[in-house]
Amino acid sequence: MASYRRNRVAGGTYFFTVTLQNRNRSLLVDYIEVLRESVRDVRREHSFHIEAWVVLPEHLHAIWILPPEDTDYSMRWKRIKRQFTNRLVEAGVAVKKNRRGEYDLWQNRFWEHTIRNESDFTRHFDYIHYNPVKHGLVTRVRDWPYSTFHRYVKAGVYPVDWGDESQHYDGDYGE
1 MASYRRNRVA GGTYFFTVTL QNRNRSLLVD YIEVLRESVR DVRREHSFHI
51 EAWVVLPEHL HAIWILPPED TDYSMRWKRI KRQFTNRLVE AGVAVKKNRR
101 GEYDLWQNRF WEHTIRNESD FTRHFDYIHY NPVKHGLVTR VRDWPYSTFH
151 RYVKAGVYPV DWGDESQHYD GDYGE
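Start counting the sequence shown at 1; every next residue gets the next number (the UniProt record's numbering).
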């Protein structure tokens with residue numbers, strides 16, 4: 001079995017990709033409110049700051065900043081996944097179990113990247129917000145509702161037409 005080593009920086013800034021086991025399901029957007037409740041509950045118990053987030057049908061990307069002296073993003077993801085899964089099951093959504101009798105909704109692991117500097121942050125920040133266009137879900141970034149892009153348009157960080165054909169970006173997006 002492979003041994004995975006995670007980089008842990010107290011108070012660090014991290015980029016994540018978290019994916020459902022079945023890439024053909026759209027549970028994350030179909031049950032977006034359940035996902036939001038799960039994230040809110042975990043943040044209440046174990047704080048972290050969300051810098052950027054996009055939820056697609058079967059995977060999501062996020063940039064988090066952990067509190068000073070805290071490195072445990074894995075525990076937070078485990079709890080978010082567990083709460084989301086349990087709430088779906090309680091709502092009657094069919095979720096298969098694996099051979100060990102555990103719900104098999106999520107891929108076991110997740111992709112984590114420690115943000116190294118401002119340039120690295122900007123690349124991942126843009127990657128997150130451009131991701132629905134990259135996957136062909138919309139043709140304009142502003143048309144995807146499950147993204148922090150809208151927050152950053154209101155704050156003046158992005159123009160509303162960022163990522164459109166008229167504002168095409170060929171940047172180095174993400175990992």
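Here a beta-carbon is modelled for each residue, glycine too, at the ideal position from N, C-alpha and C.
query, result
"Where residue 124 falls: helix, strand or coil (DSSP)", "helix"
"Neighbourhood of residue 88 by C-beta, 8 Å cutoff - its chain only, sequence neighbours within 5 removed", "27, 31, 34, 95 and 105"
"Residue 49 in three-state terms, based on DSSP", "strand"
"Inter-stretch contact at 8 Å, needing at least 3 Cβ pairs: the stretch 42-49 / the stretch 59-66", "yes"
"Chain-order list of residues whose beta-carbon lies under 7 Å from that of residue 108 (same chain, five-residue window excluded)", "none"
"Between the CA atoms of residue 5 and residue 173 - distance to the nearest angstrom", "Low confidence applies here, because residue 173 scores a pLDDT of 46, under 50, leaving its location unreliable; read the following figure in that light. Distance between the alpha carbons of residue 173 and residue 5: 24 Å."
"Assigned exposure category for residue 154 - 16 Cβ within 10 Å defines buried", "exposed"
"Residues bridged to residue 176 [DSSP beta-bridge criterion]", "Lying before the first or after the last residue shown, residue 176 is absent from the chain, which here runs from 1 to 175."
"Given 8 Å, three or more beta-carbon pairs between the stretch 70-85 and the stretch 51-61", "no"
"Beta-carbon proximity list for residue 23, same chain, < 6 Å, skipping 5 on both sides", "58"
"Residues of its chain near residue 85, where Cβ-Cβ distance is below 8 Å and the 5 sequence neighbours each way are ignored", "95, 103, 105 and 106"
"Reduced DSSP secondary structure (H/G/I, E/B, other) of residue 144", "coil"
"Close beta carbons around residue 115, own chain, < 8 Å, minus the five adjacent residues each side", "12, 13, 14, 15, 63, 121 and 124"
"Secondary structure of residue 175, DSSP reduced to three states", "In this predicted model, residue 175 has a pLDDT of only 43, less than 50, meaning its place in the structure is not dependable; the value taken from the coordinates is given anyway. In this structure, residue 175 counts as coil in the three-state DSSP scheme."
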